[in-house]
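Sequence positions in the sequence shown follow numbering that gives the first Met the number 0 and run 0 to 115.
Even for Gly, the Cβ is constructed at its ideal location relative to N, Cα and C.
First up is the structure itself, then whatever we jot down about it.
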Amino acid sequence: MQHLGRPGREARAVLDKTGYTLFTPEATELIHKAGWSDLVFCGVATESCVLKSAADAFEHGYAPWIVTDACASDAGADVHDAGLTVARRLIGPGQLLTTNQVIQQLASYDPAMVLE
0 MQHLGRPGRE ARAVLDKTGY TLFTPEATEL IHKAGWSDLV FCGVATESCV
50 LKSAADAFEH GYAPWIVTDA CASDAGADVH DAGLTVARRL IGPGQLLTTN
100 QVIQQLASYD PAMVLE
């Protein structure tokens, strides 16, 4: 598994969006200016917003990561699972992680790190 960022650097942001994708002009500028290479996605609507943002990240040359157990669909578990199936095909099966895998990966950089 690749690392999810650069050791010793904090990287977090919360952005509001009105469409399906993260890639609004504001977010695109923030990602570019911050120099982020890996983007971690979670949220509601695995099959639409999460999937669209992760696929767009991949097409923009970033490494998208989907946290599978931190996503859901208001249309039910079958639709959530379908979204993950499509994500595996679009961005690669190795790009889908669980919360525990993300926490372990982040904690491996600095044992004193406090995750919020």
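Helix, strand or coil at residue i according to DSSP, with G and I counted as helix
i      : result
Leu95  : strand
Ala62  : strand
Leu105 : helix
Asp15  : coil
Residue i to residue j span [Cα, whole Å]
i      : j      : result
Ser36  : Thr97  : 20 Å
Val133 : Val101 : Not covered by the structure: residue 133. The range shown for the chain is 0 to 115.
Lys16  : Ala53  : 15 Å
Distance between beta carbons of residue j and residue i, contact taken as under 8 Å
i     : j     : result
Ala56 : Leu83 : Incorrect: roughly 16 Å between the Cβ atoms, too far for contact.
Ala71 : His79 : 6 Å
Practice task
With a floor of 3 residues, list each beta strand (DSSP E) that falls wholly inside the stretch 26-89, ordered by position along the chain.
Solution key: 37-43, 62-71
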